[in-house]
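**Student:** Per this note's numbering: the sequence shown = residues 42 to 434. Positions of the beta carbon are idealized from the N, C-alpha and C atoms, including for glycine. Dropping the structure in here first, questions after.
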Amino acid sequence: MRYTSRAMQSPVYLDNAATTPLDPRVLEAMLPHLGATRGNPSSLHARGVAARGAVETAREQVAGLLGASPEEIFFTGGGTEADNLAILGLARAADRGKRHAVVSKVEHAAVREAARRLEAEGFEVSWVGVDGHGLVDPAEFVAALRPDTALASVVWANNEIGTVQPIREISEACVSRGVPFHTDAVQAAGRTRLNVGETPVSTLAISGHKLYGPQGVGALLVRGGTAIEPVVLGGGQEGGLRSGTENVAGIVGLGEAARLAREELEERIGHETELRDRVISGVGAMPDVDLNGHPGRRLSNNAHFTVRGVGAESLVLVLDSLGYAIGSGSACSSGGHKASGVLLEIGKDEQDALSSARITVGKDNTAEEIEGFLEAFAGAVRRLREVSPVYAN
């Protein structure tokens with residue numbers, strides 16, 4: 042059987058959940074702040090004033106994407122730092138008698154590991170499970186809240202299987218009980234409609250490089266009146282919540298990416314959904330393949346499968362040699378042979394969890410690329426199954 046490789050052509054990138062390409066318009070906005078005329082936003086001279094103005098414009102742009110006020114936006118070094126700041130900061134700001142947290146079992150590692158740090162510090166954490174589609178039951182989650190609960194957290198959309206959670210219902214229940222509620226919206230921002238005016242979260246994290254912006258910059262929304270302690274101390278930048286000289290170029294890039302995401306949201310969602318559904322239809326028609334995640338409540342760009350008889354890492358490498366880049370799971374937990382905790386949580390056994398593939402389309406992918414990918418994917422799976430003891434005749 043012949044396999045046509047795109048490796049010597051332009052590779053097709055289908056791993057947008059791991060990181061997105063930098064939009065040329067974002068790069069253009071960043072360039073003035075990467076050159077010799079850059080300034081420190083804390084300086085009083087003209088360069089410093091210009092840098093401060095650029096940071097504040099970006100703050101307004103991020104607030105616009107989230108339906109928030111600019112003074113509620115605090116810039117960080119990325120989504121992981123924003124999540125850490127929320128979980129640790131909310132817990133440490135809580136009343137002395139509140140030493141309990143409620144967290145879903147399908148959180149990103151940035152939330153999950155921060156919650157485990159709280160456990161090491163003497164907090165009790167109630168870990169709430171999900172159904173076979175990765176969906177949190179709001180009633181079960183709310184039932185875990187207690188008078189001594191310091192905070193609660195549910196990811197807006199899972200970074201692996203793409204399931205979108207009932208955040209509005211859960212956040213309303215938490216806030217009505219006086220429990221600060223955090224959500225990691227790193228994957229959701231720019232791929233679903235976020236409006237904190239309608240969804241009363243206390244804190245919300247986003248990341249630039251998931252929005253066609255730069256890597257190494259993120260933001261945490263902190264609603265007015267929310268008590269939160271800093272975890273990075275120093276010169277008191279970002280209202281004292283996140284010290285350190287601001288990454289002006291990165292912040293400007295995040296702001297421009299947020300502005301573009303807001304303006305192009307409906308177009309992007311429609312385009313990605315069409316391509317995603319074609320992937321789900323094509324791959325899902327193959328034998329011994331299961332779609333993971335909720336069939337309806339899922340991100341516009343996410344298609345996640347268990348492909349039995351095929352090792353995920355082998356599949357990724359074969360497709361890469363053919364010119365198609367996909368993911369084998371969460372980018373932040375890849376690099377080893379450990380089964381995904383999310384897939385185990387939704388009922389997959391370890392072998393199936395190690396045979397999963399994540400295809401995440403982007404705004405710049407085309408229908409022609411998807412058709413070529415489906416042909417390459419089918420061929421790669423056949424090749425790998427031919428050498429698998431389970432499928433060998």
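Can you look up F164 in the DSSP assignment and give me helix, strand or coil?
**Tutor:** Three-state DSSP puts F164 in coil, outside helix and strand.
**Student:** Are the beta-carbon atoms of Y253 and V53 separated by less than 8 Å?
**Tutor:** No.
**Student:** Can you name the start and end residues of the beta strand (DSSP E) that A417 belongs to?
**Tutor:** Element bounds for A417: not the beta strand (DSSP E) but the alpha helix (DSSP H), A408 to E427.
**Student:** Quick check on the DSSP output: what are the complete beta strand (DSSP E) runs of length 3 or more inside the stretch 213-277, in order along the chain?
**Tutor:** Entirely contained in the stretch 213-277, the beta strand (DSSP E) runs reaching 3 residues are, in chain order, 222-225, 244-248 and 259-263.
**Student:** Roughly how many angstroms lie between the CA atoms of A193 and E412, to the nearest whole one?
**Tutor:** Their backbone Cα atoms lie some 42 Å apart in a straight line.
**Student:** Any chance you could list the alpha helix (DSSP H) runs of at least 4 consecutive residues sitting entirely within the stretch 43-106, in chain order?
**Tutor:** If we require 4 residues or more, the alpha helix (DSSP H) runs fully inside the stretch 43-106 come out as 65-71.
**Student:** Taking three-plus beta-carbon pairs below 8 Å as touching, is the stretch 238-245 in contact with the stretch 218-228?
**Tutor:** Flag = yes, the stretch 238-245 and the stretch 218-228 touch.
**Student:** Distance check for T314 and A438, CA to CA, integer angstroms please.
**Tutor:** Outside the shown range of the chain (42 to 434) lies residue 438, about which nothing can therefore be said.
**Student:** From what residue to what residue does the beta strand (DSSP E) around I400 run?
**Tutor:** Run containing I400: S397 to T401, per the beta strand (DSSP E) assignment.
**Student:** Take L282 as the anchor and find which of T60, A123 and A70 has the nearest alpha-carbon.
**Tutor:** Of the listed residues, the one whose Cα sits closest to L282 is A123.
**Student:** Would DSSP call V332 helix, strand or coil?
**Tutor:** For the sequence presented, residue 332 should be read as Leu rather than Val. Three-state DSSP puts L332 in a strand.
**Student:** List in chain order: all unbroken beta strand (DSSP E) runs of 3+ residues lying wholly within the stretch 307-366.
**Tutor:** With a minimum length of 3 residues, the continuous beta strand (DSSP E) runs that stay inside the stretch 307-366 are 330-333 and 343-348.
**Student:** Report yes if the C-beta distance between V177 and S145 is below 8 Å; otherwise report no.
**Tutor:** Yes, these two residues count as a Cβ contact at 8 Å.
**Student:** Kindly indicate the opening and closing residues of the beta strand (DSSP E) around T117.
**Tutor:** Segment I114 to T117, the beta strand (DSSP E) holding T117.
**Student:** Classify P179 as buried or exposed, calling it buried when 16 or more other Cβ atoms lie within 10 Å of its own Cβ.
**Tutor:** Looking at its Cβ environment, which holds 16 or more other Cβ atoms inside 10 Å, P179 is buried.
**Student:** What are the partner residues of G280, as DSSP defines its beta bridges?
**Tutor:** Paired residue(s): none; G280 is not in a bridge.
**Student:** Taking 8 Å as the threshold (C-beta atoms), are P82 and E287 in contact?
**Tutor:** Contact flag set, yes.
**Student:** Would you report the Cα separation of D393 and E213, rounded to the nearest angstrom?
**Tutor:** Looking at the two C-alpha atoms, the distance is approximately 36 Å.
**Student:** Between the beta-carbon of L301 and the beta-carbon of R66, is there less than 8 Å?
**Tutor:** Yes, Cβ-Cβ distance for L301 and R66 is below 8 Å.
**Student:** Give the straight-line distance between the Cα atoms of R399 and D136, rounded to the nearest whole angstrom.
**Tutor:** R399 and D136: Cα-Cα distance of roughly 41 Å.
**Student:** Could you tell me whether the Cβ atoms of I269 and G130 are closer together than 8 Å?
**Tutor:** Their beta carbons are under 8 Å apart, which means I269 touches G130 by this criterion.
**Student:** By DSSP, does V383 sit in helix, in strand, or in coil?
**Tutor:** Three-state result, V383: helix.
**Student:** Indicate the three-state DSSP secondary structure (helix, strand or coil) for V147 in the structure shown.
**Tutor:** Of the three classes helix, strand and coil, the one that applies to V147 here is coil, per DSSP.
**Student:** To the nearest angstrom, how far is the alpha carbon of L332 from that of V205?
**Tutor:** The alpha-carbon atoms of L332 and V205 are separated by roughly 15 Å.
**Student:** Locate the alpha helix (DSSP H) running through L131, then write down its first and last residues.
**Tutor:** Counting along the chain, the alpha helix (DSSP H) containing L131 begins and ends at G120 to A134.
**Student:** Using the C-alpha atoms, what's the distance from A150 back to G277?
**Tutor:** One C-alpha to the other measures close to 27 Å.
**Student:** Applying the criterion that 16 or more other CB atoms from any shown protein chain within 10 Å of the CB defines a buried residue, is V263 buried or exposed?
**Tutor:** Counting Cβ neighbours within 10 Å, V263 comes out buried, since at least 16 surround it.
**Student:** Whose CA, out of G76, G238 and A419, lies closest to the CA of L363?
**Tutor:** Closest by alpha carbon: A419.
**Student:** May I have the straight-line CA-CA distance separating E308 from L106, to the nearest angstrom?
**Tutor:** Taking the straight line joining both Cα atoms gives about 15 Å.
**Student:** With a threshold of 7 Å on Cβ separation, who are the neighbours of V272 within its own chain once the five nearest residues in sequence on each side are excluded?
**Tutor:** Within the same chain, V272 has close Cβ partners N125, L126, L129 and G130.
**Student:** Check the C-beta distance from V293 over to H74 and give it rounded, since I have them as a contact under 8 Å.
**Tutor:** Correct: roughly 5 Å between the Cβ atoms.
**Student:** Do H312 and G175 have their CB atoms nearer than 8 Å?
**Tutor:** Against a cut-off of 8 Å, the Cβ pair of G175 and H312 comes out as no contact.
**Student:** Using DSSP's beta-bridge definition, name the partner residues of G368.
**Tutor:** BP columns for G368 point to R399.
**Student:** Starting from the N-terminal side, write out each stretch of the alpha helix (DSSP H) that is 4 residues or longer and does not extend beyond the stretch 158-202.
**Tutor:** DSSP runs (the alpha helix (DSSP H)) wholly in the stretch 158-202: 179-184.
**Student:** Following a CB-centred definition, is R100 positioned closer than 7 Å to any heavy atom of the ligand FMN?
**Tutor:** As far as ligands go, the structure on display features none, and thus does not contain the ligand FMN.
**Student:** According to DSSP, simplified to helix, strand and coil, what is S375?
**Tutor:** Model confidence at S375 stands at a pLDDT of 49, short of 50, so the residue's coordinates are unreliable; what they give is reported in the following sentence. Here S375 sits in coil by DSSP.
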